[in-house]
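What follows is a set of notes on a single structure, which appears directly below.
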Amino acid sequence: MEQICEISFCQQARKHKKYNQDALFNDESVFQYAFKKPEKRIENRPHFIIGVADGVYHSPCPRKASKAVIDALKDLKELNVESVIYLQDKLSEALADRYFGSATTLVATEINQIERKAKILSVGDSRAYLISKEGEWEQITEDHSILSEILELKKEQNPNDYASIYGGISSCLVADNSAFQDKIFFKEIEIKEGETLLLCTDRLTDGIGLRWLQIIWSYNKGILEKLRYYQKELKEPGCFYDDMSVIICAVQ
């Protein structure tokens with residue numbers, strides 16, 4: 421029996437902004453739109469990779485950093501821990517001469533439809549969630565951020581350990597011609613029929629909040645309509661000031 425995944429995605433830059441500092445790969449094309457309405461495609465290949473990257477705002481050229489990493493991601497055939505070394509090398513190759521220090525987060529997944537498994541790789545605070553048939557969200561990735569570092573900080577640790585934290589992110593890909601030495605999250609999980617894997621940059625969760633994301637997800641609507649609701653929520657006054665990219669893989 422043919423295995424089918426439904427891939428849905430959208431993007432949205434903050435108000436009055438011409439460029440999106442995020443980049444997205446849907447296993448066909450790379451996207452970096454100030455506004456991309458929700459779109460869906462069917463993936464019947466047994467094996468594929470998707471991902472999103474969020475350029476670090478305070479780095480020299482965040483939008484070029486996220487784009488360079490996603491451009492490199494689309495050339496990968498599989499994901500593993502060593503993939504991060506390749507991606508950082510390609511980022512430095514593309515930007516270190518002109519935009520030294522440009523940085524980005526990344527969350528990506530390699531889906532194996534035959535075995536119903538997903539390898540998830542992340543650096544930074546972009547996230548992966550597994551959503552059950554019942555609509556419960558489980559965060560799979562770990563945030564590499566100041567907040568998570570503080571929560572994990574033990575009394576015997578030296579506070580100077582935080583000197584390397586980069587603009588709120590404690591691990592990211594950086595165009596600096598150095599070998600990657602920061603934190604990496606990598607995990608393989610099973611995905612059952614009816615479950616959904618969602619990858620997003622931090623504006624989705626920081627701007628709307630997990631509780632409200634789950635409430636909207638519970639609406640008796642298709643995934644594209646749910647994404648439209650999310651985009652609408654992020655336009656509300658006072659919403660978290662950042663760009664957003666999200667890609668969803670629903671296992672049929």
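Last residue of the sequence shown: number 672 in our numbering, and the count goes up by one each step with no gaps. Even for Gly, the Cβ is constructed at its ideal location relative to N, Cα and C. Keep in mind it's a predicted model, so treat the numbers as computed, not measured.
State buried or exposed for Lys435, treating a residue as buried only when at least 16 other CB atoms are found within 10 Å of its CB.
-> exposed
Inter-stretch contact at 8 Å, needing at least 3 Cβ pairs: the segment 507-516 / the segment 593-607 | yes
Considering only residues of the same chain and omitting the five flanking positions on each side of Asp491, which have a CB-CB separation below 7 Å?
-> Only Val450 meet the Cβ criterion.
When the Cα atoms are used, what is the spatial distance from Ala523 to Val472?
-> C-alpha of Ala523 to C-alpha of Val472: approximately 14 Å in a straight line.
Can you check whether the CB of Lys537 is closer than 8 Å to the CB of Thr529?
-> no
Collapsed DSSP secondary structure at Pro482 in the structure displayed = helix
Other residues of its chain near Ala485: CB distance less than 6 Å, five sequence neighbours each side excluded | Gly475, Ser522, Ala523 and Thr524
What's the C-alpha gap between Lys575 and Ser428?
-> Per-residue confidence for Lys575 stands at a pLDDT of 45, beneath the threshold of 50, marking its modelled position as unreliable; no derived number is given.
Would you decide whether Leu567 is buried or exposed? Buried here means 16 or more other CB atoms lie within 10 Å of its CB.
-> Bear in mind that the predicted position of Leu567 carries a pLDDT of just 49, short of 50, making it unreliable; the figure below should be weighed with that in mind. Exposure of Leu567 is indicated by the presence of fewer than 16 other C-beta atoms within 10 angstroms of its C-beta.
Proximity winner among Leu493, Tyr649 and Ser479, relative to Ile636 (alpha-carbon distances) | Tyr649
Start and end residues, beta strand (DSSP E) containing Tyr549 = Arg547 to Ile551
For Leu526, which three-state DSSP category applies?
-> Leu526 falls in the strand class under three-state DSSP.
Would you mind stating whether Cys430 and Lys460 have Cβ atoms separated by less than 8 Å?
-> no
Report all residues from its chain with a CB closer than 7 Å to the CB of Asp545; omit the five preceding and five following residues, and keep chain order.
-> Thr525, Asp563, His564, Ser565, Ile589 and Asp622.
Cα-Cα separation, Gln651 to Ile560 = Cα to Cα, Gln651 sits roughly 23 Å from Ile560.
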